[in-house]
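Q: Before I ask anything, here is the structure I am working with.
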Amino acid sequence: MIPEIGHFSLIVALALALALAALSLTGAARGIPGFVAVARPAAQGQFVFVAIAFGCLAWSFYSNDFSVLNVASNSNSSLPTAYRIAATWGSHEGSLLLWVLMLSIWMLAVSVFSRSLPEDMVARILGVMGLIAVGFLSFMLFTSNPFERLLPAAADGRDLNPLLQDPGMVFHPPMLYMGYVGFSVAFAFAIAALLDGRLDATWARWSRPWTTAAWVFLTIGIALGSFWAYYELGWGGWWFWDPVENASFMPWLIGTALIHSLAVTEKRGAFKNWTVLLAIIAFSLSLLGTFLVRSGVLTSVHAFATDPKRGIFILCFLAVVIGGSLSLYAWRAHRVEPGGRFELLSRESMLLANSVLLLVACGAVMLGTLYPLFLDALGLGKISVGPPYFESVFMPLMAPAILLAGIGPLVAWRRGDAAQLARQLRWVAIAALLGALFVPLAFGRWAALTSTGLLLAFWILAGTLTALVVRIKSNAKINSAFLGMLLAHAGVGVFVIGITLVKSYETERDLRMAPGDTATLGGYSFRFEGVHELPGPNYAAARGSVTVTRDGETIALLAPEKRIYRVQQNPMTEAAINGGISRDIYVSLGEAVGDGAWTVRVHIKPFIRWIWFGCLTMAFGGLLAASDRRYRAARRREDATAPDATVVRGSTA
Amino acid sequence: MKRFLLPLAIFILLVGFLAVGLKLDPREVPSPLVGKPAPAFELPILQQPDKRFTPGDMRGKVWLLNVWASWCVSCREEHPMLVALSKRGLMPILGLNYKDKGDEANAWLKQFGNPYDLSVVDADGRIGIDYGVYGVPETYLIDAEGVIRYKQIGPLTAAILEQKILPLAMALKK
Numbered sequence: 020m021i022p023e024i025g026h027f028s029l030i031v032a033l034a035l036a037l038a039l040a041a042l043s044l045t046g047a048a049r050g051i052p053g054f055v056a057v058a059r060p061a062a063q064g065q066f067v068f069v070a071i072a073f074g075c076l077a078w079s080f081y082s083n084d085f086s087v088l089n090v091a092s093n094s095n096s097s098l099p100t101a102y103r104i105a106a107t108w109g110s111h112e113g114s115l116l117l118w119v120l121m122l123s124i125w126m127l128a129v130s131v132f133s134r135s136l137p138e139d140m141v142a143r144i145l146g147v148m149g150l151i152a153v154g155f156l157s158f159m160l161f162t163s164n165p166f167e168r169l170l171p172a173a174a175d176g177r178d179l180n181p182l183l184q185d186p187g188m189v190f191h192p193p194m195l196y197m198g199y200v201g202f203s204v205a206f207a208f209a210i211a212a213l214l215d216g217r218l219d220a221t222w223a224r225w226s227r228p229w230t231t232a233a234w235v236f237l238t239i240g241i242a243l244g245s246f247w248a249y250y251e252l253g254w255g256g257w258w259f260w261d262p263v264e265n266a267s268f269m270p271w272l273i274g275t276a277l278i279h280s281l282a283v284t285e286k287r288g289a290f291k292n293w294t295v296l297l298a299i300i301a302f303s304l305s306l307l308g309t310f311l312v313r314s315g316v317l318t319s320v321h322a323f324a325t326d327p328k329r330g331i332f333i334l335c336f337l338a339v340v341i342g343g344s345l346s347l348y349a350w351r352a353h354r355v356e357p358g359g360r361f362e363l364l365s366r367e368s369m370l371l372a373n374s375v376l377l378l379v380a381c382g383a384v385m386l387g388t389l390y391p392l393f394l395d396a397l398g399l400g401k402i403s404v405g406p407p408y409f410e411s412v413f414m415p416l417m418a419p420a421i422l423l424a425g426i427g428p429l430v431a432w433r434r435g436d437a438a439q440l441a442r443q444l445r446w447v448a449i450a451a452l453l454g455a456l457f458v459p460l461a462f463g464r465w466a467a468l469t470s471t472g473l474l475l476a477f478w479i480l481a482g483t484l485t486a487l488v489v490r491i492k493s494n495a496k497i498n499s500a501f502l503g504m505l506l507a508h509a510g511v512g513v514f515v516i517g518i519t520l521v522k523s524y525e526t527e528r529d530l531r532m533a534p535g536d537t538a539t540l541g542g543y544s545f546r547f548e549g550v551h552e553l554p555g556p557n558y559a560a561a562r563g564s565v566t567v568t569r570d571g572e573t574i575a576l577l578a579p580e581k582r583i584y585r586v587q588q589n590p591m592t593e594a595a596i597n598g599g600i601s602r603d604i605y606v607s608l609g610e611a612v613g614d615g616a617w618t619v620r621v622h623i624k625p626f627i628r629w630i631w632f633g634c635l636t637m638a639f640g641g642l643l644a645a646s647d648r649r650y651r652a653a654r655r656r657e658d659a660t661a662p663d664a665t666v667v668r669g670s671t672a
Numbered sequence: 074m075k076r077f078l079l080p081l082a083i084f085i086l087l088v089g090f091l092a093v094g095l096k097l098d099p100r101e102v103p104s105p106l107v108g109k110p111a112p113a114f115e116l117p118i119l120q121q122p123d124k125r126f127t128p129g130d131m132r133g134k135v136w137l138l139n140v141w142a143s144w145c146v147s148c149r150e151e152h153p154m155l156v157a158l159s160k161r162g163l164m165p166i167l168g169l170n171y172k173d174k175g176d177e178a179n180a181w182l183k184q185f186g187n188p189y190d191l192s193v194v195d196a197d198g199r200i201g202i203d204y205g206v207y208g209v210p211e212t213y214l215i216d217a218e219g220v221i222r223y224k225q226i227g228p229l230t231a232a233i234l235e236q237k238i239l240p241l242a243m244a245l246k247k
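From first to last, the protein sequence lines stand for chains A and B.
Going by the working numbering, the first sequence opens with residue 20, and the numbers climb by one from there.
Going by the working numbering, the second sequence opens with residue 74, and the numbers climb by one from there.
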């Protein structure tokens with residue numbers, strides 16, 4: 020019964036989304052207040068029904084209802100409860116439902132937090148988002164129904180892919196999707212503004228907090244995924260340039276460019292066309308990413324069983340949504356009035372250069388991701404593109420972007436003061452050079468790439484600090500948008516330090532160890548105590564124990580595991596990590612080589628945590644910027660003048 | 074107006090490629106080589122670079138040729154399966170180390186285990202072209218006459234191994 024309620028709720032949600040898209044877009048175009056008024060309640064109703072559907076699917080997983088095909092193929096009665104719930108989005112159908120749920124949450128948020136916007140604008144925004152919801156809901160209902168029954172019911176399920184049985188699975192996909200889908204808000208704002216012709220600074224101010232919020236979620240989602248890959252896969256790496264990773268990284272790059280471009284449009288009224296285009300591209304890449312992952316045109320470690328019908332459906336949807344918005348752009352963009360003028364040395368030109376660099380970097384990632392497909396489609400043979408391409412193309416593009424990010428906050432809008440900038444940059448340059456020269460000395464080994472990385476990192480950190488000092492000295496007010504920007508830039512610096520030091524100074528050893536053997540690496544001693552069998556809830560594990568000591572003092576007892584999951588019989592490596600600010604000690608278990616001896620791999624990864632700490636700092640900076648008072652102030656003013664809006668909210672809460 | 078059409082034009086081109094791409098399955102491309110003799114080669118052996126190997130050495134045996142590289146992420150996915158298979162000793166498994174560096178390849182085998190009776194080095198990918206390798210990993214089942222009987226593009230899965238490759242190998246052995 021519960022799955023049928025879920026299925027029915029999806030159908031109701033589709034009907035509501037259709038009504039929302041049709042009525043509110045027509046209403047806004049023709050100026051029919053009754054139609055426009057439908058937007059908010061319809062969006063909220065759609066949220067309620069999608070949430071019910073999601074709850075029903077989660078319940079089917081929770082209660083082990085193996086008469087639902089999706090549950091039978093992706094869960095198992097011995098699967099721990101948290102993973103049973105996470106398995107809700109572990110399958111193709113379930114992850115689409117999560118996608119739509121996230122979209123509905125964003126629509127709900129827009130419907131609640133948009134009282135400062137004109138009614139017809141809200142109607143257009145929600146209408147565009149409703150159109151997207153129509154596409155995805157019908158995709159689910161027609162090709163990938165998550166509630167499909169399996170008759171007769173299976174006795175037990177085929178289990179969730181062991182790779183996904185991890186706390187990371189509980190948090191990573193919702194965060195990532197929240198970010199991915201969040202760009203639909205900026206997209207809907209852009210389309211609404213193009214339809215309306217009101218493409219101005221106010222539009223940019225409305226879009227900014229939404230875009231930044233989506234970007235924050237995406238940043239956290241990507242960082243979580245990277246951290247998960249680091250400790251779960253047992254390879255010790257943290258980024259593999261896998262097509263699916265790239266699919267989430269491309270919208271991030273464009274989202275970053277968009278945030279910066281929006282700043283110019285809001286403050287100076289410039290780059291309007293460019294900003295709109297970036298908003299369209301950011302969400303288009305989210306859709307493209309969904310297509311790449313869900314259609315199976317590319318092979319990847321994330322690849323799932325696929326069905327060509329689904330691919331064609333998403334591709335048509337992609338063509339309609341993106342093709343439609345780019346046509347609208349081509350049709351309307353030339354009418355947009357040019358913004359304020361600016362000199363070559365100005366914050367505008369810095370931000371423009373940065374967003375172009377980010378766009379080009381995104382293009383390079385996209386080329387590498389799709390190149391095998393292009394060649395194949397042209398009949399020129401089949402190839403795969405590996406990390407060497409991405410590293411050699413991506414790094415040189417990001418280096419100038421980071422240099423610019425260090426300078427940007429110091430340069431004035433419209434026209435910068437070259438002499439003053441030179442004075443300020445002197446200190447930044449000295450700090451960066453000192454850091455680049457002396458930090459490698461502390462590690463005892465120098466390499467050109469190490470110094471380059473550190474130079475960039477210290478450059479952006481020192482530049483950011485200088486910008487803060489300059490602002491404090493000038494007695495200007497420091498708002499949270501400014502602070503958030505500085506924090507995010509500092510996060511980039513921290514992130515670059517992490518990458519540089521890990522790449523330069525990580526050490527590893529592969530050892531054959533019998534119980535009682537000791538090995539040393541980087542000043543640490545590792546004593547292998549042996550391996551014992553340990554049954555888990557749905558797997559059998561061989562757990563090794565390794566005592567790590569330094570100067571006779573015990574630092575950690577590490578227990579790396581090798582697990583065999585009972586249902587799918589896949590072996591999984593669970594690395595054991597002793598984390599710290601300045602280094603991670605990472606131990607993973609290889610193979611048994613007889614007589615109680617095992618191959619053991621130990622890594623020392625200096626400063627690797629800084630990579631994720633840097634990402635979190637960026638995300639926190641974004642959060643701070645999005646919560647700036649000037650976005651809230653506008654809303655509070657409207658609160659007083661629009662008492663009826665609370666009634667709407669109260670009726671659906 | 075014209076320059077604003079550029080993004081649309083690029084996008085239409087992209088959709089064209091994606092549409093063609095949908096028809097191509099990157100995993101199951103029927104190889105023209107199935108049923109044909111395995112292309113000959115003579116390549117140095119990874120662990121003993123002064124020795125060379127040719128497929129002719131395997132005459133009379135049913136064997137697997139697995140194309141791998143240390144830079145290939147999907148190889149790590151299938152690797153435990155190959156290691157487990159090699160322990161069962163059902164048939165020889167040979168590796169074709171594709172466009173890789175010797176020290177990195179050796180380190181990789183050390184880390185993940187070496188299921189291969191031996192690996193040959195195809196540093197510039199020339200032999201890969203003869204075999205129609207388009208992505209790593211790929212796996213070929215070659216019979217006692219030196220004829221390719223099965224080709225797997227992309228990582229092996231337990232299902233493919235147990236249901237397709239092993240039964241076929243057992244049948245060929247008889």
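Beta carbons: idealized from backbone N, C-alpha and C, even for Gly.
Just so we're clear, the structure is a prediction, and the values are computed from it rather than from any experiment.
For Phe-90 (chain B), would you say it is in contact with chain A, using Cβ-to-Cβ distances shorter than 8 Å as the test?
A: Taking the first residue of the second sequence as 1, we reach residue 90 (chain B) at position 17. It does: the Cβ of Phe-90 (chain B) has a partner Cβ on chain A nearer than 8 Å.
Q: Taking Cβ positions only, does Phe-680 (chain A) come closer than 8 Å to chain B?
A: Nothing can be reported for residue 680 (chain A): it is not among the residues displayed for chain A, which extend from 20 to 672.
Q: Taking all protein chains shown into account, decide if Met-140 (chain A) is buried (16 or more other Cβ within 10 angstroms of its Cβ) or exposed.
A: Your numbering for residue 140 (chain A) matches position 121 in the first sequence. Looking at its Cβ environment, which holds 16 or more other Cβ atoms inside 10 Å, Met-140 (chain A) is buried.
Q: Can you list the beta strand (DSSP E) stretches of 3 or more residues lying completely in the stretch 185-217 of chain B, in chain order?
A: Those beta strand (DSSP E) runs which fall completely within the stretch 185-217 of chain B and span 3+ residues are 191-195, 211-215.
Q: Does any residue of chain B bring its CB to less than 8 Å from the CB of Ala-338 (chain A)?
A: Residue numbering aside, residue 338 (chain A) sits at position 319 when the first sequence is read from its first letter. Yes, its Cβ sits closer than 8 Å to a Cβ of chain B.
Q: Considering only residues of the same chain and omitting the five flanking positions on each side of Ile-278 (chain A), which have a CB-CB separation below 7 Å?
A: The residue given as residue 278 (chain A) occupies position 259 in the first sequence. Here the set comprises Thr-230, Thr-231, Trp-234.
Q: Between Trp-465 (chain A) and the rest of its own chain, which residues show a CB-CB distance below 8 Å, the 5 nearest in sequence each way excluded?
A: Indexing the first sequence from 1 puts residue 465 (chain A) at position 446. Contacts found: Pro-459.
Q: Which same chain residues end up closer than 6 Å to Ala-106 (chain A) when comparing Cβ atoms and leaving out the 5 residues on each side of it in sequence?
A: What you label residue 106 (chain A) is simply residue 87 of the first sequence in a count that begins at 1. Counting only Cβ-Cβ distances below 6 Å, and skipping sequence neighbours, we find Phe-80, Asn-93, Ser-94, Leu-179.
Q: Quick one: does Ala-178 (chain B) have its CB under 8 Å from some CB of chain A?
A: On the second sequence, position 105 is the one that residue 178 (chain B) refers to. It does not; no Cβ of chain A falls within 8 Å.
Q: Based on DSSP bridge pairs, tell me the residues matched to Arg-227 (chain A).
A: Here residue 227 (chain A) is taken as the residue at index 208 of the first sequence, counted from 1. Answer is none; Arg-227 (chain A) lacks a bridge partner.
Q: Work out the CA separation of Arg-59 (chain A) and Ala-77 (chain A) for me, nearest whole Å.
A: As a first step, residue 77 (chain A) must be located in the first sequence, where it is residue number 58. As a first step, residue 59 (chain A) must be located in the first sequence, where it is residue number 40. Spanning the two alpha carbons is a distance of roughly 27 Å.
Q: Tell me the DSSP secondary structure of Ala-48 (chain A) in three-state form.
A: As a position in the first sequence, residue 48 (chain A) is number 29, starting the count at 1. Ala-48 (chain A) falls in the helix class under three-state DSSP.
Q: Please specify which runs of the alpha helix (DSSP H), each continuous and at least 4 residues long, are wholly inside the stretch 391-443 of chain A, giving them in chain order.
A: Correct list: 406-426.
Q: Could you check if Thr-665 (chain A) is buried or exposed, using at least 16 other CB atoms within 10 Å of its CB as the buried criterion?
A: In the first sequence, residue 665 (chain A) corresponds to position 646, counting from 1. Caution applies to Thr-665 (chain A), whose pLDDT of 34 falls short of 50 and renders its modelled position unreliable; the model cannot decide the point.
Q: Identify, in the order they occur along the chain, each residue of the same chain with its Cβ nearer than 6 Å to the Cβ of Ala-301 (chain A), setting aside the five sequence neighbours on each side.
A: To locate residue 301 (chain A), count along the first sequence from 1; it is residue 282. Hits under 6 Å: Phe-202, Pro-270, Ile-273, Gly-274, Leu-277.
Q: Is Trp-141 (chain B) closer than 8 Å to Val-209 (chain B) when the C-beta atoms are compared?
A: Residue numbering aside, residue 209 (chain B) sits at position 136 when the second sequence is read from its first letter. Residue numbering aside, residue 141 (chain B) sits at position 68 when the second sequence is read from its first letter. Yes; because the gap between Cβ atoms is below 8 Å, this pair is in contact.
Q: Contact check, Leu-61 (chain B) vs Ile-221 (chain B) under 8 Å by CB: the rounded distance?
A: The requested residue 61 (chain B) is not part of the displayed model; chain B covers only 74 to 247.
Q: Is Ile-226 (chain B) near Ala-111 (chain B), with beta carbons less than 8 Å apart?
A: What you label residue 226 (chain B) is simply residue 153 of the second sequence in a count that begins at 1. What you label residue 111 (chain B) is simply residue 38 of the second sequence in a count that begins at 1. Contact: no.
Q: Any beta-carbon of chain A closer than 8 Å to the one on Val-146 (chain B)?
A: Translated into the one-based positions of the second sequence, residue 146 (chain B) becomes position 73. Interface residue, yes.
Q: Using the rule of at least 16 other Cβ atoms within 10 Å of the residue's Cβ for burial, across every protein chain shown, is Gly-357 (chain A) buried or exposed?
A: Residue mapping note: residue 357 (chain A) aligns to position 338 of the first sequence, counting from 1. A small correction: the amino acid at residue 357 (chain A) is Pro; Gly does not occupy that position in the sequence shown. Pro-357 (chain A) comes out exposed.
Q: Is it buried or exposed, Glu-177 (chain B), if we count other Cβ atoms within 10 angstroms and call 16 or more buried?
A: Your numbering for residue 177 (chain B) matches position 104 in the second sequence. By the neighbour-count rule (16 or more Cβ atoms within 10 Å), Glu-177 (chain B) is not buried but exposed.
Q: Of the residues B:Gly-129, B:Gly-186, B:Pro-80, which one's Cα is nearest the Cα of Ala-157 (chain B)?
A: Looking up residue 157 (chain B) in the second sequence gives position 84. Checking every option, the nearest Cα to that of Ala-157 (chain B) belongs to B:Gly-186.
Q: Between the stretch 260-268 of chain A and the stretch 217-227 of chain A, do at least 3 Cβ pairs fall closer than 8 Å?
A: Judged by Cβ distances under 8 Å, the stretch 260-268 of chain A makes no contact with the stretch 217-227 of chain A, as fewer than three pairs qualify.
Q: Just list the beta strand (DSSP E) runs in the stretch 108-163 of chain A, keeping only unbroken ones of 3 residues or longer that don't cross its boundaries, in chain order.
A: If we require 3 residues or more, the stretch 108-163 of chain A turns out to have no beta strand (DSSP E) run fully inside it.
Q: Shortest alpha-carbon distance to Ile-200 (chain B) belongs to which of B:Ser-143, B:Asp-123, B:Pro-128, B:Pro-122?
A: In the second sequence, the residue the question calls residue 200 (chain B) occupies position 127. Considering only alpha carbons, the answer is B:Pro-128.
Q: Just how far apart, CA to CA, sit Leu-241 (chain B) and Leu-229 (chain B)?
A: The count along the second sequence starts at 1 and reaches residue 241 (chain B) at position 168. The count along the second sequence starts at 1 and reaches residue 229 (chain B) at position 156. Leu-241 (chain B) and Leu-229 (chain B): Cα-Cα distance of roughly 15 Å.
Q: Using CA atoms only, rank isn't needed, just tell me which of A:Gly-113, A:Asp-395, A:Ser-86, A:Arg-442 is closest to Ala-174 (chain A).
A: The residue labelled residue 174 (chain A) in the question sits at position 155 within the first sequence. Ala-174 (chain A) has its Cα closest to that of A:Ser-86, out of A:Gly-113, A:Asp-395, A:Ser-86, A:Arg-442.
Q: May I ask you to report which of helix, strand or coil DSSP gives Lys-247 (chain B)?
A: Numbered from 1 along the second sequence, position 174 holds the residue referred to as residue 247 (chain B). Note: Lys-247 (chain B) maps to coil in three-state DSSP.
Q: Could you check if Leu-156 (chain A) is buried or exposed, using at least 16 other CB atoms within 10 Å of its CB as the buried criterion?
A: In the first sequence, the residue the question calls residue 156 (chain A) occupies position 137. By the 10 Å Cβ count, Leu-156 (chain A) comes out buried.
Q: Taking Cβ to Cβ, would you say Val-147 (chain A) is nearer than 8 Å to Ala-211 (chain A)?
A: Here residue 147 (chain A) refers to the residue found at position 128 of the first sequence. Here residue 211 (chain A) refers to the residue found at position 192 of the first sequence. Contact flag set, yes.
Q: Can you give the beta carbon distance from Ala-451 (chain A) to Leu-474 (chain A), rounded, assuming they're within the 8 Å contact cut?
A: As a position in the first sequence, residue 451 (chain A) is number 432, starting the count at 1. As a position in the first sequence, residue 474 (chain A) is number 455, starting the count at 1. The pair is a contact, with the Cβ atoms about 5 Å apart (cut-off 8 Å).
Q: Runs of 3 residues minimum, wholly inside the stretch 120-178 of chain B: which ones carry the beta strand (DSSP E) assignment?
A: For the stretch 120-178 of chain B, whole beta strand (DSSP E) runs of length 3 or above, ordered along the chain, are 136-141, 166-171.
Q: So, helix, strand or coil for Trp-629 (chain A), using DSSP?
A: Counting from 1 along the first sequence, the entry for residue 629 (chain A) is found at position 610. It is helical.
Q: In whole angstroms, what is the alpha-carbon distance linking Phe-166 (chain A) and Leu-117 (chain A)?
A: Position 147 of the first sequence, counting from 1, holds the residue named residue 166 (chain A). Position 98 of the first sequence, counting from 1, holds the residue named residue 117 (chain A). Rounded to whole angstroms, Phe-166 (chain A) to Leu-117 (chain A) spans 14 Å at the Cα level.
Q: Could you please tell me which residues of the stretch 593-624 of chain A, in chain order, have their CB closer than 8 Å to any CB of chain B?
A: From the stretch 593-624 of chain A, only Gly-609, Glu-610, Thr-618, Arg-620 have a Cβ closer than 8 Å to chain B.
Q: Beta-carbon of His-353 (chain A) versus every beta-carbon of chain B: anything under 8 Å?
A: Taking the first residue of the first sequence as 1, we reach residue 353 (chain A) at position 334. Yes, its Cβ sits closer than 8 Å to a Cβ of chain B.
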